Amino acid sequence: MNNPLEFYSKQKEIHQQELSKISKKLLISSLIRLFIFLAICFTIYYFFGNMNVIVPVVIGGIALFLFLVSRHSNLKDKSDKQKEIIKLNELEIDILKTRNFQDLPEGSEFENPVHPYSQDIDLFGRGSFFQYSNRTALYEGTKKLAGIFTENSIEDISQKQEAVKELATKAEWRQEFTALARLVKTETPSKTVIKWFKNYKNFVPNYMKWLPTVFSVISILVIAGYSFDYLKGIHLFLWFLAGLLFTGIYLKKINLLSGSVSKVQDTFHQYHLLLELLEKEDFSSEILKKNQSLIHSEKKKASAIFKEFSKAIDALDQRNNMIFGIFGNGFLLWDLRQSYKLEKWISAYRQNVEKWFEVIEFTDAYNSLGNFVFNHPDYVFPEIINEKKGISASKMAHPLLDPKKRVANDFAIGDEEFFIVTGANMAGKSTFLRTVSLQILMSNIGLPVCAEACKYSPIKLITSMRTSDSLNDDESYFFSELKRLKFIVDEIKTDRYFIILDEILKGTNSSDKAIGSKKFIRKLVNSNSTGIIATHDLSLCEITSELSQVKNHYFDAEIINDELHFDYKFKDGICQNMNASFLLRKMEIVDD
3 MNNPLEFYSK QKEIHQQELS KISKKLLISS LIRLFIFLAI CFTIYYFFGN MNVIVPVVIG
63 GIALFLFLVS RHSNLKDKSD KQKEIIKLNE LEIDILKTRN FQDLPEGSEF ENPVHPYSQD
123 IDLFGRGSFF QYSNRTALYE GTKKLAGIFT ENSIEDISQK QEAVKELATK AEWRQEFTAL
183 ARLVKTETPS KTVIKWFKNY KNFVPNYMKW LPTVFSVISI LVIAGYSFDY LKGIHLFLWF
243 LAGLLFTGIY LKKINLLSGS VSKVQDTFHQ YHLLLELLEK EDFSSEILKK NQSLIHSEKK
303 KASAIFKEFS KAIDALDQRN NMIFGIFGNG FLLWDLRQSY KLEKWISAYR QNVEKWFEVI
363 EFTDAYNSLG NFVFNHPDYV FPEIINEKKG ISASKMAHPL LDPKKRVAND FAIGDEEFFI
423 VTGANMAGKS TFLRTVSLQI LMSNIGLPVC AEACKYSPIK LITSMRTSDS LNDDESYFFS
483 ELKRLKFIVD EIKTDRYFII LDEILKGTNS SDKAIGSKKF IRKLVNSNST GIIATHDLSL
543 CEITSELSQV KNHYFDAEII NDELHFDYKF KDGICQNMNA SFLLRKMEIV DD
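In this note's numbering, each number is its position in the sequence shown, counted from 1, plus 2.
Written as structure tokens, this is what we have:
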């Protein structure tokens, strides 16, 4: 069994040492550049007027300076990556030691009150399972992960397990991928980029494939002719002006193209590095191999294609240097040359960009699942039972509770059985319902569960545990609950579900509630579904005498020395000890 804390501590130390080496190289690089700059200035000053010395020194110095700038930029990228990897390891160390994950993204934007379960089981929001497990670096990856959590699919669970198991073993690779992804500075959402690519209309004529090259050759001849006095200055000027005027015809459209592609320049630069990482890695699980195959379908590697686009954007951006922009367009038709290259790239690959973006986003999302598996070596992967056998788990507990304090329970429910769970306030009913809910969710997405052993027949999840009224929609609490129950009834007509309900028909009087609840339970039992219903209404427990599929369980509370004590154990039978009156008195809300 791996030791996550030991691994993260070691990785932090390794990458801090690497960062220290790179920082020294950066310092040396800066000093050398400063020395070269001062040497050039000194040469110009000391040998002023001696062009035989100044020209070669200045040209050589500038060439060396530009080389060092490029090398310095590469070192800076490596430094930034090391810093991100150190942050990743520090984050995991902190969470493992303190269980403090409250500063991570909450995912509240993914909450959906009409989803089968996301509103009820603390899936999103502060202190949620999403906040605890999400390690995505890209917002699109975050959305992908939220989609995985809310998909409610029972397909290919074994394949999902194999994928997350494999990613769990690639901890260093995952960290490098996440670090690079964190360095992406996305100005434009990927959907907007994809839409722009698909709708883009070319404006550069096809003859621009050869015209800038011909124009550049002629420019060299014109400059040479002027240098050797074959042509006059006016001829050189008119040729230069012709280049500017010809570029000016398309200037407005070039500016629009340049402005659009500049916003995605960093994205494509980092994405090509991410694709390169994916291309080099060997995967064995079906899901990961299929994902990787989407970037191997072209003759060229997807990373090389993205790099090509990134370089073309860099080249077009040279126009932002005023001197180069003027002379480059006047003598080389630079903007038109680079615009043609960009448009050819867009035409050739616009249909593939979406697919390649999705590969990166999928990997970003699945890396979070692999990270979760790695961080929980004591969790167990459910044994998937294809026959309808229900769920059984030993020592099952809630994954978000402190391992030192949480109470584990054995749990087994057969297919098409229903449990009625009674219990005192704060005895653990709601936590138990969310524990079972999360176990089903985690099983369906391929994650291990917080238990010592688990057998699981895949089934979709649907819940009704948190209902609220709506002033905006002019709905009462009771009507909101009825709508939720109607939603459940409609869903179970077409598919099998594990249904989890907490205190149904809360918005009506006791007698009416008991009659309605019994009728509703009878309807559920006659479906092909399975489930748990928590209630304070002990009269509902009587239904077990007429329906053999329904069984009673409870959580207990005891009053010892005028203090409440909970054992949070899941037991067979009906709860006999209620505590509302005791709590009202204890908190001095009512008198004895």
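Quick reminder that beta carbons are idealized off the backbone N, C-alpha and C, glycines included.
Just so you know, these numbers come straight off a predicted model, no measurement behind them.
>> If contacts are defined as beta-carbon pairs under 8 Å, then L147 and S370 qualify, I think. What distance do you get, rounded to the angstrom?
In response: Going by Cβ atoms, the distance from L147 to S370 rounds to 6 Å, so yes, they are a contact pair.
> Are there 16 or more other CB atoms within 10 angstroms of the CB of K23, so buried, or fewer, so exposed?
Replying inline: Exposed is the call here.
> In this structure, does DSSP put Q422 in helix, strand or coil?
Replying inline: It should be pointed out that residue 422 corresponds to Ile in this sequence rather than to Gln. Residue state, collapsed to three classes: strand.
> How far does the alpha helix (DSSP H) with A148 in it reach, from first residue to last?
Replying inline: Y141 to T152 is the span of the alpha helix (DSSP H), which, as asked, contains A148.
>> Check this for me: beta carbons of L549 and V527, under 8 Å apart or not?
In response: With contacts defined by Cβ atoms closer than 8 Å, L549 and V527 form a contacting pair.
> At which residues does the alpha helix (DSSP H) containing S229 begin and terminate?
Replying inline: It spans L213 to S229 - the alpha helix (DSSP H) in which S229 sits, taken as one unbroken run.
>> So for T249, helix, strand or coil by DSSP?
In response: Residue state, collapsed to three classes: helix.
>> Short of 7 Å in beta carbon distance, which residues of its chain neighbour H117, apart from the five on each side in sequence? Order them along the chain.
In response: Correct list, in chain order: T152.
> What is the DSSP secondary structure of C456, reduced to helix, strand or coil?
Replying inline: Assigned with DSSP and collapsed to three states, C456 falls in strand.
>> Suppose you measure from the CA of K291 to the CA of I150; what does that come to, to the nearest Å?
In response: Taking the straight line from one Cα to the other gives about 18 Å.
> Roughly how far, in whole angstroms, is the beta-carbon of L182 from the beta-carbon of L275, given that I think they are within contact range, below 8 Å?
Replying inline: Sure, about 5 Å apart at Cβ, within 8 Å.
> Per DSSP, what kind of secondary structure is H17 in: helix, strand or coil?
Replying inline: Reduced to three states, the DSSP call for H17 is helix.
>> As an exercise, report each continuous alpha helix (DSSP H) stretch of at least 4 residues that is fully enclosed by the region 327-411, in chain order.
In response: As far as the region 327-411 is concerned, its whole alpha helix (DSSP H) runs of at least 4 residues are 336-377.
>> Quick check on N208: buried or exposed, where buried means 16 or more other Cβ atoms within 10 Å of its Cβ?
In response: Exposed, because fewer than 16 other Cβ atoms sit within 10 Å of the Cβ of N208.
>> Let's see if you can read the secondary structure: which residues bound the alpha helix (DSSP H) around H1?
In response: Look at the range of the chain in this structure, 3 to 594, and you will see that residue 1 is not part of it.
> Out of curiosity, what's the CA-to-CA distance linking T138 and K521?
Replying inline: The alpha-carbon of T138 is positioned some 45 Å away from that of K521.
> Just checking my contact of Q272 with V186 at CB under 8 Å: how many whole Å lie between their CB atoms?
Replying inline: With 8 Å as the limit, Q272 and V186 qualify as a contact, their Cβ atoms being about 4 Å apart.
> Under a three-way DSSP split, which group does E560 fall into?
Replying inline: Reduced to three states, the DSSP call for E560 is strand.
> Which same chain residues, not among the five before or five after T1, have their C-beta less than 7 Å away from its C-beta?
Replying inline: No statement about residue 1 is possible, as the shown extent of the chain runs from 3 to 594 and does not include it.
> Do you know how far the Cα of D504 is from the Cα of M589?
Replying inline: Residue placement at M589 is poorly supported in this model, since its pLDDT is 47, which falls under 50; the coordinates are not used for a value here.
> Would you call the CB atoms of N293 and F364 closer than 8 Å?
Replying inline: In this structure, the beta-carbon distance from N293 to F364 falls below 8 Å.
> Is the number of C-beta pairs between the region 525-541 and the region 408-428 that are closer than 8 Å three or more?
Replying inline: Using a C-beta cut-off of 8 Å, the region 525-541 makes contact with the region 408-428, since at least three inter-stretch Cβ pairs fall below that distance.
> How long is the line joining the alpha carbons of G109 and Q121, rounded to whole angstroms?
Replying inline: Each residue's alpha carbon lies about 12 Å from the other.
>> Let me make sure I understand the geometry here. Which of G63, S349, F217 and S439 has the alpha-carbon closest to that of R339?
In response: When each option's Cα is compared against that of R339, the closest is F217.
> DSSP state of L507, grouped into three classes?
Replying inline: Per DSSP, reduced to three states, the secondary structure at L507 is coil, with no helix or strand assignment.
>> If distances are taken between C-alpha atoms only, which option among Y381, L246, K234 and R35 comes closest to L449?
In response: Comparing Cα positions, the closest option is Y381.
> Does DSSP put K255 in a helix, a strand or coil?
Replying inline: Here K255 carries a helix assignment [DSSP, helix/strand/coil].
>> Once the 5 residues before and after V266 are set aside, which same chain residues still bring their CB inside 7 Å of it?
In response: T190 and V195, listed in sequence order.
> Quick one: what's T465 bridged to in DSSP?
Replying inline: Looking at the DSSP assignment, T465 forms a beta bridge with I502.
> Quick one: what does DSSP say T437 is sitting in, helix, strand or coil?
Replying inline: Looking at T437 - three-state DSSP - the assignment turns out to be helix.
> Hey, out of S541, A367 and H17, whose CA is closest to G518's CA?
Replying inline: Measuring from the Cα of G518, the nearest candidate turns out to be S541.
> Does the Cβ of V71 have 16 or more other Cβ atoms within 10 Å, making it buried, or fewer, making it exposed?
Replying inline: Around the beta-carbon of V71, fewer than 16 other beta-carbon atoms lie within 10 Å, marking it exposed.
>> What does the alpha-carbon distance come out to for the pair L473 and H378?
In response: Residue placement at L473 is flagged as unreliable, the pLDDT there being 42, under the threshold of 50; the coordinate-derived value follows with that caveat. So the alpha carbons of these two residues sit roughly 43 Å apart.
>> Assuming E385 and Y458 are in contact, meaning their beta carbons sit under 8 Å apart, how far apart are those beta carbons, in whole angstroms?
In response: Right, the Cβ-Cβ distance comes to about 7 Å (below 8 Å), so this counts as a contact.
>> Going by DSSP, what residue range makes up the alpha helix (DSSP H) through A429?
In response: Unbroken run through A429: none, as it is neither H nor E.
>> What does the Cβ neighbour count give for N257, buried or exposed, with the cut at 16 atoms within 10 Å?
In response: It counts as exposed.
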